[in-house]
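S.K.: I have a structure I would like to understand better, so I am pasting it below and will then ask my questions one at a time.
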Amino acid sequence: MDRARLADLHAREERRFVEANPRSRELFERARGALLGGVPMNWMVKWAGAHPVFVARAEGARFTDVDGHEYVDLCLGDTGAMTGHSPALTVAAIAERARHGITLMLPTADAIWVGEDLARRFGLPYWQFTLTATDANRFAIRLARQITGRDKILVFNWCYHGSVDETFATLVDGRVGPRSGNIGPPVDPAVTTRVVEFNDVDALEAALAHGDVACVLTEPALTNIGIVHPDPGFHDALRALTRRHGTLLIIDETHTICTGPGGYTRAHGLEPDVFTIGKPIAGGVPAGAYGVTEEIAARIGRATTLEEADTGGIGGTLAGNALSLAAMRATLEHVLTEAAFERMIAVAERFTAGVEGVIAEHGAPWHVTRLGCRAEYLFRPDRPRSGAEAAAGQDAELDRFIHLYALNRGILLTPFHNMALMSPATSEADVDHHTAVYRDAVAELLGG
Ligand SMILES: Cc1ncc(COP(=O)(O)O)c(C=O)c1O
Numbered sequence: 002m003d004r005a006r007l008a009d010l011h012a013r014e015e016r017r018f019v020e021a022n023p024r025s026r027e028l029f030e031r032a033r034g035a036l037l038g039g040v041p042m043n044w045m046v047k048w049a050g051a052h053p054v055f056v057a058r059a060e061g062a063r064f065t066d067v068d069g070h071e072y073v074d075l076c077l078g079d080t081g082a083m084t085g086h087s088p089a090l091t092v093a094a095i096a097e098r099a100r101h102g103i104t105l106m107l108p109t110a111d112a113i114w115v116g117e118d119l120a121r122r123f124g125l126p127y128w129q130f131t132l133t134a135t136d137a138n139r140f141a142i143r144l145a146r147q148i149t150g151r152d153k154i155l156v157f158n159w160c161y162h163g164s165v166d167e168t169f170a171t172l173v174d175g176r177v178g179p180r181s182g183n184i185g186p187p188v189d190p191a192v193t194t195r196v197v198e199f200n201d202v203d204a205l206e207a208a209l210a211h212g213d214v215a216c217v218l219t220e221p222a223l224t225n226i227g228i229v230h231p232d233p234g235f236h237d238a239l240r241a242l243t244r245r246h247g248t249l250l251i252i253d254e255t256h257t258i259c260t261g262p263g264g265y266t267r268a269h270g271l272e273p274d275v276f277t278i279g280k281p282i283a284g285g286v287p288a289g290a291y292g293v294t295e296e297i298a299a300r301i302g303r304a305t306t307l308e309e310a311d312t313g314g315i316g317g318t319l320a321g322n323a324l325s326l327a328a329m330r331a332t333l334e335h336v337l338t339e340a341a342f343e344r345m346i347a348v349a350e351r352f353t354a355g356v357e358g359v360i361a362e363h364g365a366p367w368h369v370t371r372l373g374c375r376a377e378y379l380f381r382p383d384r385p386r387s388g389a390e391a392a393a394g395q396d397a398e399l400d401r402f403i404h405l406y407a408l409n410r411g412i413l414l415t416p417f418h419n420m421a422l423m424s425p426a427t428s429e430a431d432v433d434h435h436t437a438v439y440r441d442a443v444a445e446l447l448g449g
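In this note's numbering, the protein residues as written are 2 to 449.
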């Protein structure tokens with residue numbers, strides 16, 4: 002890789018971005034007077050380009066910014082809009098519910114329908130609701146601690162489960178340390194957390210043998226450091242070891258729902274004790290959920306009291322609100338269907354084949370990998386087997402260049418890594434547009 006060439010191309014793309022986005026620039030300047038860092042949330046500073054583009058409207062797989070550019074959205078709210086933007090039947094249900102009460106601290110019948118549907122999809126019988134996947138994970142961890150009487154959790158290196166304190170831990174020279182960039186950690190994460198590499202069964206066994214781990218919290222395949230697939234047999238070993246050591250297994254399917262309507266869990270017959278999810282299940286309206294098995298439900302029942310049900314570290318005034326539940330019901334019933342997933346996965350296969358073709362044309366030492374309707378490219382030759390390997394394959398400069406190059410040509414990738422997600426509305430033409438832009442970017446970078 003010729004880094005000087007990369008820097009020149011990047012500078013050219015920066016200029017092109019500034020020239021093309023005067024309205025967004027104007028809004029960003031104004032935002033700096035009212036919003037911390039000029040953005041509504043701090044990760045929005047990570048977008049490629051001098052500032053984020055401001056959105057005017059979005060529908061299906063596309064959005065238009067305030068300068069009138071239309072984009073194919075392959076970020077889709079980092080999975081929050083995997084349903085496509087504003088799916089019609091979800092919007093109708095939201096409008097209907099909004100006219101008749103948004104939040105009450107009382108149940109609506111939609112909650113039962115949603116609980117029953119989640120049970121059908123994922124196999125766990127009992128559910129409760131949160132506003133985010135982060136909260137679903139936080140509550141699942143608390144429940145695991147409560148019912149096991151153990152104080153530690155175990156996560157895999159370079160995992161991401163939302164802004165959950167215990168999970169911001171990485172292995173540094175084999176020791177647990179704070180993940181760099183973690184803001185104001187309450188304690189050294191080594192106090193709360195054991196960390197091992199994904200796919201390392203021996204290390205997992207050694208960590209669980211201490212007998213102090215309440216739960217393992219993991220995605221079935223890592224998706225937040227590029228995609229890291231489990232080795233054959235890894236999930237069997239994980240389940241057998243957690244059972245043997247009295248440790249609960251929490252599977253977080255917030256991203257891996259991209260595998261299919263029942264997530265990775267149903268597609269691969271996993272048997273978690275606790276299941277967590279959020280992001281797309283209400284079509285973009287804030288909603289999360291956690292489910293438990295019959296046995297865990299009984300243990301939770303024995304460990305909690307009626308008097309303290311409102312003070313126990315699990316809750317949220319707006320959790321389980323009527324609007325989120327109505328949106329979840331409509332989304333699960335009409336949008337995230339078997340037929341939709343079939344389409345989305347076929348389009349993702351086309352995306353992957355397109356990127357693979359470009360990589361092969363140039364003999365570049367890179368690869369692309371796919372999980373259901375999600376695909377991701379990484380600048381290393383082969384699939385990583387662990388978070389550490391995937392982290393070593395990251396190339397922030399190259400990522401930023403590709404993101405900006407794509408953005409300037411009407412394609413939005415996630416700001417965090419090179420993830421592309423397909424919604425039910427994403428078309429073959431959208432994917433082919435990405436392939437053409439990616440081909441041009443790689444040709445400019447590598448020559449030829
Ligand atoms: C696997 C996983 N779990 C949980 C979360 C947290 O989701 P949220 O930020 O919506 O709470 C994320 C966010 O990226 C995630 O990737």
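Note that beta-carbon positions come from the ideal geometry of N, C-alpha and C, so glycine has one too.
(1) For E357, tell me which candidate among L399, L324, V202 and Y439 has the shortest Cα-Cα distance.
(2) Does the beta carbon of T133 fall short of 7 angstroms from some heavy atom of ligand 1?
(3) Going by C-alpha to C-alpha distance, which of V432, D441, A407 and A442 sits closest to H70?
(4) Based on Cα-Cα distance, which residue from A442, S424, P425 and F417 lies nearest to W48?
(5) Which residue marks the beginning of the beta strand (DSSP E) containing A304, and which one marks its end?
(6) Quick check: the Cα distance between P281 and T84, rounded to an integer number of angstroms?
(7) Are T436 and G355 close, meaning C-beta to C-beta below 8 angstroms?
(8) Quick one: what's I251 bridged to in DSSP?
(9) Are R151 and V214 closer than 8 angstroms when you measure CB to CB?
(10) Can you give me the C-alpha to C-alpha distance between Q395 and V115, rounded to a whole angstrom?
(11) If you draw a straight line from the C-alpha of T135 to the C-alpha of G448, how long is it?
(12) For the alpha helix (DSSP H) that L337 lies in, which residues bound it at each end?
(13) In angstroms with no decimal places, state the Cα-to-Cα distance between H434 and T65.
(14) Identify, in the order they occur along the chain, each residue of the same chain with its Cβ nearer than 8 angstroms to the Cβ of A99, setting aside the five sequence neighbours on each side.
(15) Going along the chain, which residues of its own chain have a beta-carbon closer than 8 angstroms to the beta-carbon of E296, five neighbours each way excluded?
(16) Could you give the first and the last residue of the continuous alpha helix (DSSP H) run that contains G116?
(17) Got a sec: does ligand 1 put a non-hydrogen atom nearer than 7 angstroms to the Cβ of A162?
(18) Between A389, A93, A426 and G279, which lies nearest to A340 when the distance is taken from Cα to Cα?
(19) Can you list, in chain order, the residues of its chain whose CB lies under 8 angstroms from that of R450, leaving out five sequence neighbours each side?
(20) In three-state terms, what does DSSP make of G292?
(21) DSSP three-state label for D433, please.
(22) Looking at G279 and ligand 1, is the gap between the Cβ and the nearest heavy atom below 7 angstroms?
(23) Verify whether the separation of the beta carbon atoms of D166 and P179 is less than 8 angstroms.
(24) Check the C-beta distance from R267 over to F123 and give it rounded, since I have them as a contact under 8 angstroms.
(25) S387 and V229: beta carbons closer than 8 angstroms?
(26) Nearest to E390 by CA position, among L144, L75, E198 and P190, is which residue?
(27) Go ahead and pull the three-state DSSP assignment for F130.
M.R.: The relevant details are as follows:
(1) In the sequence shown, the residue the question calls residue 357 occupies position 356. Taking only the C-alpha atoms, the option nearest E357 is Y439.
(2) By one-based count along the sequence shown, residue 133 stands at place 132. Yes, since a heavy atom of ligand 1 falls inside the 7 angstroms radius drawn around the Cβ of T133.
(3) Here residue 70 is taken as the residue at index 69 of the sequence shown, counted from 1. Of the listed residues, the one whose Cα sits closest to H70 is A407.
(4) Sequence index remark: in the sequence shown, residue 48 carries index 47 (1-based). Cα-wise, what sits closest to W48 is F417.
(5) In the sequence shown, the residue the question calls residue 304 occupies position 303. Counting along the chain, A304 falls outside any beta strand (DSSP E), though it belongs to the alpha helix (DSSP H) covering E295 to A304.
(6) The residue labelled residue 281 in the question sits at position 280 within the sequence shown. The residue labelled residue 84 in the question sits at position 83 within the sequence shown. Whole-angstrom Cα-Cα distance: 6 angstroms.
(7) Translated into the one-based positions of the sequence shown, residue 436 becomes position 435. Translated into the one-based positions of the sequence shown, residue 355 becomes position 354. Yes, they are a contact pair.
(8) Reading the sequence shown from its first residue, position 250 is the one you call residue 251. Partner residues in the beta bridge of I251, as assigned by DSSP, are L218 and V275.
(9) By 1-based counting over the sequence shown, the position of residue 151 is 150. By 1-based counting over the sequence shown, the position of residue 214 is 213. A contact, by the Cβ cut-off of 8 angstroms.
(10) Walking along the sequence shown from the start, residue 395 turns up at place 394. Walking along the sequence shown from the start, residue 115 turns up at place 114. Straight-line Cα distance between these residues: approximately 38 angstroms.
(11) Looking up residue 135 in the sequence shown gives position 134. Looking up residue 448 in the sequence shown gives position 447. Approximately 43 angstroms, taken between the alpha carbons.
(12) In the sequence shown, residue 337 corresponds to position 336, counting from 1. That residue, L337, is in no alpha helix (DSSP H); it is neither H nor E in DSSP.
(13) Here residue 434 is taken as the residue at index 433 of the sequence shown, counted from 1. Here residue 65 is taken as the residue at index 64 of the sequence shown, counted from 1. Going from the Cα of H434 to the Cα of T65 covers about 16 angstroms.
(14) Position 98 of the sequence shown, counting from 1, holds the residue named residue 99. So the qualifying residues of the chain are L324.
(15) Position 295 of the sequence shown, counted from the first residue, corresponds to residue 296. D274, listed in sequence order.
(16) Locating residue 116 in the sequence shown gives position 115, counting from the first residue. It spans A110 to F123 - the alpha helix (DSSP H) in which G116 sits, taken as one unbroken run.
(17) Locating residue 162 in the sequence shown gives position 161, where the first residue counts as 1. The question names Ala, but residue 162 in the sequence shown is His. True, at least one ligand heavy atom lies under 7 angstroms from that Cβ.
(18) Taking the sequence shown and counting its residues from 1, the one referred to as residue 340 is at position 339. If we check each option's Cα against that of A340, A426 comes out closest.
(19) Since the first and last residues shown for the chain are 2 and 449, residue 450 lies out of range.
(20) The count along the sequence shown starts at 1 and reaches residue 292 at position 291. Reduced to three states, the DSSP call for G292 is strand.
(21) By one-based count along the sequence shown, residue 433 stands at place 432. DSSP, reduced to helix, strand and coil, places D433 within a helical segment of the structure shown.
(22) For the purposes of this step, residue 279 is taken as residue 278 along the sequence shown, with counting starting at 1. Yes, since a heavy atom of ligand 1 falls inside the 7 angstroms radius drawn around the Cβ of G279.
(23) For the purposes of this step, residue 166 is identified with residue 165 of the sequence shown, where counting begins at 1. For the purposes of this step, residue 179 is identified with residue 178 of the sequence shown, where counting begins at 1. No, Cβ-Cβ distance for D166 and P179 is not below 8 angstroms.
(24) To locate residue 267, count along the sequence shown from 1; it is residue 266. To locate residue 123, count along the sequence shown from 1; it is residue 122. Contact check for R267 and F123: beta-carbon distance about 6 angstroms, within the 8 angstroms limit, so the pair qualifies.
(25) Numbered from 1 along the sequence shown, position 386 holds the residue referred to as residue 387. Numbered from 1 along the sequence shown, position 228 holds the residue referred to as residue 229. Cβ atoms of S387 and V229: closer than 8 angstroms.
(26) In the sequence shown, residue 390 corresponds to position 389, counting from 1. E390 has its Cα closest to that of E198, out of L144, L75, E198 and P190.
(27) Here residue 130 corresponds to residue number 129 of the sequence shown, with the count starting at 1. Strand.
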